[in-house]
Amino acid sequence: MEQNKFKRHLSILITCFLISNCQFNWVEERKIYLNKIEFGLGIENSFKQKAKKFFNQDPSSEHLGLKILNLQFKKRNFYEGSSARAKQIEIIGELKYNFINSSSNKINTLQVSSWIPVNENNVQAEINAQNKIIEDLEFLLLEYLVEEYWLIES
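Numbering-wise (the numbering used here), the sequence shown opens with residue 185 and increments by one.
Structure representation (structure tokens):
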């Protein structure tokens, strides 16, 4: 009787342990292979390296090709109050790209934006914050580009 209870409790414990840990085993690593990756003239090397981490190049395959035409970041100030001083800055990232295959050659655009407050007292901190936001927006643009790829492939 005592041994039966022990086995039952042990089986419940093992089942709970397996259920709680099984979510980590279901994560599937999917690599995206493209026939070729091309970049426009104005694309920085740091963005090229980030993009190559997201997309693997396999010239022998019959996969799509990717051409990143343009990457721009625009800054917009928003003014408020009686003295009309800048209160917030919006940074907009715009990526123009083209997935190349035999049937389609359409240029698409992705846009992301983010806001930061103006820091008039410490201009260097504001510049550093803008640079950090631009890095984050580059990452977001690449994630959205991956989503666009999977939409085309499905």
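For every residue, glycine included, the Cβ atom is placed at its ideal position computed from N, Cα and C. Computed from a predicted structure; not experimentally measured.
Coarse secondary structure for residue i, derived from DSSP in three states
i: residue 288; result: coil
i: residue 218; result: strand
i: residue 321; result: helix
i: residue 309; result: helix
Residue i and residue j closer than 8 Å at C-beta
i: residue 324; j: residue 235; result: no
i: residue 285; j: residue 253; result: no
i: residue 226; j: residue 257; result: no
i: residue 248; j: residue 318; result: no
Cβ neighbours of residue i in the same chain (closer than 7 Å, five flanking residues each side left out)
i: residue 239; result: 216, 218, 221 and 250
i: residue 224; result: 252, 253 and 254
i: residue 243; result: 219 and 220
i: residue 261; result: 270 and 273
First and last residue of the uninterrupted alpha helix (DSSP H) at residue i
i: residue 250; result: Segment 249 to 264 is the beta strand (DSSP E) holding residue 250; no alpha helix (DSSP H) there.
Boundaries (first-last residue) of the beta strand (DSSP E) holding residue i
i: residue 240; result: 239 to 241
Other residues of its chain near residue i: CB distance less than 6 Å, five sequence neighbours each side excluded
i: residue 355; result: Absent from the structure is residue 355, since the part of the chain shown begins at 185 and ends at 338.
i: residue 303; result: 309 and 310
Closest by C-alpha distance to residue i, when choosing among the options
i: residue 322; options: 237, 192 and 188; result: 237
Cβ-based neighbour list, residue i, same chain, cut-off 8 Å, excluding 5 preceding and 5 following
i: residue 246; result: 219
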